[in-house]
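**Student:** Pasting a structure here, questions to come.
There are 2 protein chains.
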Amino acid sequence: MKINNPTQQQAVTTADKVFEQIQHAIVEGEIPSGSKISEPGLAKHYQISRSTLREALNRLEKCHLIERKANVGSRVVDCSIEGLLELYITREALEGMACRQAALNMTDEEIADMQAMLNVHSQTQELKDGIAYYQEEGDLDFHYKVILGSHNKQLIELICGQLYHLIRMYRCQFGMNSPRASRAFDEHSRIIQAIADRDGELAEMLMRRHIAASRKNIENKIAEEIIHKDRSKI
Amino acid sequence: MKINNPTQQQAVTTADKVFEQIQHAIVEGEIPSGSKISEPGLAKHYQISRSTLREALNRLEKCHLIERKANVGSRVVDCSIEGLLELYITREALEGMACRQAALNMTDEEIADMQAMLNVHSQTQELKDGIAYYQEEGDLDFHYKVILGSHNKQLIELICGQLYHLIRMYRCQFGMNSPRASRAFDEHSRIIQAIADRDGELAEMLMRRHIAASRKNIENKIAEEIIHKDRSKI
DNA sequence: TTAAGTGTTATTGTCGACAATTTAGTGTCA
DNA sequence: TGACACTAAATTGTCGACAATAACACTTAA
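Protein sequence lines, in the order shown, are assigned to chains A and B.
Per our numbering, the first sequence starts with residue 109, numbered consecutively.
Per our numbering, the second sequence starts with residue 109, numbered consecutively.
Below you can see the structure in the form of structure tokens.
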């Protein structure tokens, strides 16, 4: 499974490939957030025509990485703190419901598969003290499996197809490799347990708390940084 | 406020206008759901070039009214019962959270405005037995105001910019002018009350029940229709 | 010095044509 | 008759050029 787009098919057209390249560049911050996009410039850079580039820009707009205004042009979305918090609130709603649906709709095989994955992660975590690996791939892997397990095309499309690119962008730009690794692991375990018990209500509640905890963690971090900056100013 | 797109600006470019026309045609069923879209055909019909048409198609894809496959073409989404139920589940999650946020973030003026609107609706409802008007415009108006009241750009864009076009499409195609008018009115009242009390938790719960009730109403209706069909077959 | 107005430049929107791919149809062979 | 291969037609993807709009610089007047 390609972790970036588990739902979409492989890129076949050049617009697809350029879309993925630009997407990567935006997420990684190579194209800075908030900057204006020059169609002629980017087209020349990627050696394609403007029509093809615009096709790629449309896909970027679809996953909320750029914003367009008629007769004015495109800008990369800017990563504000408010935007990040709004994103997490939306995520809490969608993934919470996805988790509830997963408890109702996942097959026994899918559940077993997810439990096996968690075992692998737990060993890897113990071996490597696993903060980096676990949070980067493992966390996304877990959340993807839950979302796909909802068997709800709307939820899958909205979360995996749209929100997650933005989330990855924020993670990169704000340098969040999340220090909650071990605690997150426990929370993941409990969520899987609730799904295995087919307890949708509990599963949703746990997932929402799990994401809300991340959000509060971010809020605290931001608050600390502000305090730190204020001190250095004085 | 234009009820179809309270968030977007007015259409200025021809691609925008054609987008709105096709959108209307799809929602109203003039272009049947599930049918294939011929780019040369539609371009000729609207007297525009294929480039412009493709720009419009991209926006239709953005609000999930059509689906595209590389090198194959576009199809109007087909209105399956499963799709409708999935849509309502997603809506329950998003609007529930939007309602919670509205309770936290709406200004006193916005709340007063919404209460005034409900009063107007109640009178109109009594006057006309108001099923048609209330459900069509009034219901959408209420939900829009709550969503906008969340002051959360992500939620607003996802619900108003994307999901609601699909919902209107299903409403038209399945001929749902909802017989829950008076009951829905009571539920709306209670939701506004919870928002006015700044009780986010209750507001979310009530909104979720409100939407879940609609969903169950649909499920029952579908079940009846199936029974009816089975009888007529025998 | 600022404000408004005007002309120039650059960017975006739209167009028609060509290339690449898929689909449909035809014919051949087992 | 059915399945496979091949050809032809239609559709989609890509390209470069032109038209329309917005951004910028400069001039002029208060």
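Glycine included, each C-beta is placed from N, C-alpha and C at the ideal position.
All figures in this text were calculated on a predicted structure; none of them were measured in a lab.
Per DSSP, A/ARG176 forms a beta bridge with which residues?
**Tutor:** Walking along the first sequence from the start, residue 176 of chain A turns up at place 68. Answer by DSSP bridge pairing, in chain order: A/SER182.
**Student:** Quick one, which of A/ALA311, A/LEU193, A/LEU202, A/ILE139 has its alpha-carbon nearest A/LEU168's?
**Tutor:** Taking the first sequence and counting its residues from 1, one reaches residue 168 of chain A at position 60. For A/LEU168, the nearest C-alpha among the options comes from A/ILE139.
**Student:** What are the residues of the region 187–200 of chain A that lie near chain B, defined by any Cβ-Cβ distance shorter than 8 Å?
**Tutor:** Residues GLY191, GLU194, LEU195, ILE197, THR198, GLU200.
**Student:** Measure the C-alpha to C-alpha separation of B/LEU173 and B/ASN328 and round it to an integer number of angstroms.
**Tutor:** Position 65 of the second sequence, counting from 1, holds the residue named residue 173 of chain B. Position 220 of the second sequence, counting from 1, holds the residue named residue 328 of chain B. Going from the Cα of B/LEU173 to the Cα of B/ASN328 covers about 26 Å.
**Student:** If we count the other Cβ atoms within 10 Å of its Cβ and call it buried at 16 or more, is A/ALA123 buried or exposed?
**Tutor:** Here the question's residue 123 of chain A lines up with position 15 in the first sequence. So A/ALA123 ends up on the buried side.
**Student:** Anything in chain B within Cβ reach of A/ASP124, meaning under 9 Å, just list it in chain order.
**Tutor:** Sequence index remark: in the first sequence, residue 124 of chain A carries index 16 (1-based). Chain B residues near A/ASP124: ALA178.
**Student:** If you draw a straight line from the alpha carbon of B/ARG276 to that of A/ALA331, how long is it in whole angstroms?
**Tutor:** Translated into the one-based positions of the second sequence, residue 276 of chain B becomes position 168. Translated into the one-based positions of the first sequence, residue 331 of chain A becomes position 223. Using only the alpha carbons, I get a separation of about 42 Å.
**Student:** Cβ of B/LEU263 less than 8 Å from any chain A Cβ?
**Tutor:** As a position in the second sequence, residue 263 of chain B is number 155, starting the count at 1. B/LEU263 counts as touching chain A.
**Student:** Closer than 6 Å by C-beta to B/ALA133: which residues in its own chain qualify, once you throw out the five before and the five after it? Chain order, please.
**Tutor:** As a position in the second sequence, residue 133 of chain B is number 25, starting the count at 1. Closer than 6 Å at the Cβ level, and outside the excluded window around B/ALA133, lie ILE139.
**Student:** Is it right to say A/ASN166 is buried, meaning 16 or more other beta carbons lie within 10 angstroms of its own, or is it exposed?
**Tutor:** Along the first sequence, read from residue 1 onward, the residue named residue 166 of chain A stands at position 58. A/ASN166 is buried by the Cβ-count criterion.
**Student:** Measuring CB to CB, does A/VAL184 end up less than 8 Å from A/SER157?
**Tutor:** One-based indexing of the first sequence puts residue 184 of chain A at position 76. One-based indexing of the first sequence puts residue 157 of chain A at position 49. In this structure, A/SER157 does not lie closer than 8 Å to A/VAL184 by Cβ.
**Student:** Would you call the region 308–326 of chain A in contact with the region 200–213 of chain A, where contact means no fewer than 3 C-beta pairs closer than 8 Å?
**Tutor:** Touching, per the Cβ criterion.
**Student:** Helix, strand or coil for A/ILE145, going by three-state DSSP, please let me know.
**Tutor:** Here residue 145 of chain A refers to the residue found at position 37 when the first sequence is read from its first residue. In the structure shown, A/ILE145 sits in a strand (DSSP, three-state: E or B).
**Student:** If you run the structure through DSSP and keep just helix, strand and coil, what is A/GLY283?
**Tutor:** Taking the first sequence and counting its residues from 1, one reaches residue 283 of chain A at position 175. A/GLY283: coil per DSSP, three-state reduction.
**Student:** Just mark B/VAL120 as buried or exposed, buried being the case when its beta carbon has 16 or more other beta carbons within 10 Å.
**Tutor:** The sequence position of residue 120 of chain B within the second sequence is 12, counting from 1. Per the 10 Å Cβ criterion, exposed.
**Student:** On the CB-based measure, 16 or more other CB atoms within 10 Å of its CB, does A/VAL180 come out buried or exposed?
**Tutor:** Counting from one through the first sequence, the residue named residue 180 of chain A turns up at place 72. Exposed, because fewer than 16 other Cβ atoms sit within 10 Å of the Cβ of A/VAL180.
**Student:** For a cutoff of 8 Å on Cβ pairs, would you count B/MET315 as touching chain A?
**Tutor:** For the purposes of this step, residue 315 of chain B is taken as residue 207 along the second sequence, with counting starting at 1. False, the Cβ-Cβ gap to chain A never drops below 8 Å.
**Student:** Span of the alpha helix (DSSP H) holding A/MET205?
**Tutor:** The residue labelled residue 205 of chain A in the question sits at position 97 within the first sequence. Taken as a continuous stretch (DSSP letters only), the alpha helix (DSSP H) holding A/MET205 covers 189–213.
**Student:** Pick from A/CYS268, A/CYS280, A/LEU161: whose alpha carbon is nearest that of A/GLU147?
**Tutor:** Position 39 of the first sequence, counting from 1, holds the residue named residue 147 of chain A. Of the listed residues, the one whose Cα sits closest to A/GLU147 is A/LEU161.
**Student:** Of all the CB atoms in chain A, is at least one closer than 8 Å to the CB of B/LYS170?
**Tutor:** Within the second sequence, numbered from 1, the residue matching residue 170 of chain B stands at position 62. True, the Cβ-Cβ gap to chain A drops below 8 Å.
**Student:** Within this structure, are the beta carbons of B/GLY191 and B/GLN281 separated by less than 8 Å?
**Tutor:** As a first step, residue 191 of chain B must be located in the second sequence, where it is residue number 83. As a first step, residue 281 of chain B must be located in the second sequence, where it is residue number 173. Result no, Cβ atoms of B/GLY191 and B/GLN281 do not sit closer than 8 Å.
**Student:** Along the alpha helix (DSSP H) that carries A/GLU128, what are the first and last residues, could you check?
**Tutor:** Within the first sequence, numbered from 1, the residue matching residue 128 of chain A stands at position 20. Where A/GLU128 is concerned, the enclosing alpha helix (DSSP H) stretches over 122–135.
**Student:** Is A/ASP307 helix, strand or coil when you go by DSSP?
**Tutor:** Within the first sequence, numbered from 1, the residue matching residue 307 of chain A stands at position 199. The answer is coil: DSSP assigns A/ASP307 none of H, G, I, E or B.
**Student:** So which residues on chain A does B/VAL120 lean against when the C-beta distance must stay under 8 Å?
**Tutor:** In the second sequence, residue 120 of chain B corresponds to position 12, counting from 1. Those within 8 Å of B/VAL120 in chain A are ALA178, ASN179.
**Student:** For B/GLY238, would you say it is in contact with chain A, using Cβ-to-Cβ distances shorter than 8 Å as the test?
**Tutor:** The residue you call residue 238 of chain B lines up with position 130 of the second sequence. Because B/GLY238 sits at a pLDDT of 48, beneath the cut-off of 50, its placement in the model cannot be relied upon, and the point is left open.
**Student:** Report the three-state DSSP secondary structure of A/TYR278 (helix, strand or coil).
**Tutor:** Within the first sequence, residue 278 of chain A is the residue found at index 170, counting from 1. Reduced to three states, the DSSP call for A/TYR278 is helix.
**Student:** Residues in the same chain with beta-carbon distance under 8 Å from A/VAL126, minus the five sequence neighbours each way, listed in chain order, please.
**Tutor:** Your numbering for residue 126 of chain A matches position 18 in the first sequence. The answer, listed in chain order, is TYR154, ILE156, THR160, LEU161, ALA164.
**Student:** Name the residues in the region 157–168 of chain B whose C-beta lies less than 9 Å from a C-beta of chain A; which are they?
**Tutor:** Taking 9 Å as the Cβ-Cβ cut-off against chain A, the residues of the region 157–168 of chain B that qualify are SER159, ARG162, GLU163, ASN166, ARG167.
**Student:** If the cut-off is 7 Å on Cβ atoms, which residues from the region 203–225 of chain A count as contacting chain B, listed in chain order?
**Tutor:** Of all residues in the region 203–225 of chain A, GLY204, MET205, GLN209 have a Cβ within less than 7 Å of some Cβ in chain B.
**Student:** If B/GLN301 sits next to B/SER258, beta carbons under 8 Å apart, how far is it from one beta carbon to the other, in whole angstroms?
**Tutor:** For the purposes of this step, residue 301 of chain B is identified with residue 193 of the second sequence, where counting begins at 1. For the purposes of this step, residue 258 of chain B is identified with residue 150 of the second sequence, where counting begins at 1. Actually they do not touch by this definition, with Cβ atoms about 17 Å apart.
**Student:** Let's test the definition: count the other Cβ atoms within 10 Å of the Cβ of A/VAL228 and tell me whether it reaches 16, buried, or not, exposed.
**Tutor:** Looking up residue 228 of chain A in the first sequence gives position 120. The residue in question, A/VAL228, is exposed, as its Cβ has fewer than 16 Cβ neighbours within 10 Å.
**Student:** Say whether chain B places a C-beta atom closer than 8 Å to the C-beta of A/LEU310.
**Tutor:** As a first step, residue 310 of chain A is located in the first sequence; it is residue number 202 there, counting from the start. For A/LEU310, the answer is no, since every Cβ of chain B falls outside 8 Å of its Cβ.
**Student:** Within a Cβ cutoff of 6 Å, which residues of the same chain sit near B/HIS318, ignoring the five residues on either side of it in sequence?
**Tutor:** Working through the second sequence from its first residue, we reach residue 318 of chain B at position 210. Closer than 6 Å at the Cβ level, and outside the excluded window around B/HIS318, lie GLU295.
**Student:** Decide if A/ILE267 is buried, meaning its Cβ has at least 16 other Cβ atoms within 10 Å, or exposed.
**Tutor:** Here the question's residue 267 of chain A lines up with position 159 in the first sequence. Buried, because 16 or more other Cβ atoms sit within 10 Å of the Cβ of A/ILE267.
**Student:** Sorted by chain position, which residues of the same chain lie with C-beta nearer than 7 Å to A/ASP247's C-beta, five sequence neighbours on each side aside?
**Tutor:** Position 139 of the first sequence, counted from the first residue, corresponds to residue 247 of chain A. ALA292, listed in sequence order.
**Student:** With distances taken Cα to Cα, identify the nearest neighbour of B/ILE197 among B/ILE334, B/ALA320, B/VAL254, B/ILE326.
**Tutor:** One-based indexing of the second sequence puts residue 197 of chain B at position 89. Here the closest residue by C-alpha is B/ALA320.
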